[in-house]
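First up is the structure itself, then whatever we jot down about it.
Numbering (UniProt numbering), first residue to last: 1 to 94.
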């Protein structure tokens with residue numbers, strides 16, 4: 001691999017953690033919005049916690065160095081992407 005390609009790969013690899021942070025914030029915000037707009041319905045806290053709980057966990061994990069090493073694995077990235085899409089679908093259909 002040429003040095004220019006290697007530098008570009010390292011530059012892009014530096015920003016992958018921001019995708020986790022934005023995804024975690026997306027889930028956290030959707031969960032809180034869901035809580036606010038469905039207040040008064042039964043089990044709204046539980047349903048909203050299913051949305052903002054994983055978001056808060058992902059967001060928090062991006063600031064712990066030992067968990068960042070786990071989040072960097074390719075299979076974890078794929079699993080969390082699928083889980084994130086499923087949770088967002090649940091949030092909008094809820």
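Cβ atoms here follow ideal geometry from the backbone N, Cα and C, with glycine treated the same way.
Could you tell me the alpha carbon to alpha carbon distance between residue i and residue j, rounded to whole angstroms?
{"i": "residue 105", "j": "residue 20", "result": "With the chain covering only 1 through 94, there is no way to say anything about residue 105."}
{"i": "residue 38", "j": "residue 23", "result": "22 angstroms"}
{"i": "residue 67", "j": "residue 57", "result": "11 angstroms"}
Out of the options, state which residue places its alpha-carbon closest to the alpha-carbon of residue i.
{"i": "residue 16", "options": "81, 57, 91, 28", "result": "81"}
{"i": "residue 86", "options": "68, 54, 67, 64", "result": "54"}
{"i": "residue 90", "options": "18, 50, 26", "result": "50"}
{"i": "residue 32", "options": "40, 52, 18", "result": "52"}
Our contact map puts residue i next to residue j with C-beta atoms below 8 angstroms; I'd like the distance itself, whole angstroms only.
{"i": "residue 83", "j": "residue 71", "result": "13 angstroms between Cβ atoms; not a contact."}
Apart from the five residues on each side of it in sequence, which residues of its chain come closer than 8 angstroms, Cβ to Cβ, to residue i?
{"i": "residue 88", "result": "26, 27, 30"}
{"i": "residue 5", "result": "none"}
Determine, using beta-carbon pairs with one atom in the region 74-82 and one in the region 32-50, whether at least three such pairs fall under 8 angstroms. no
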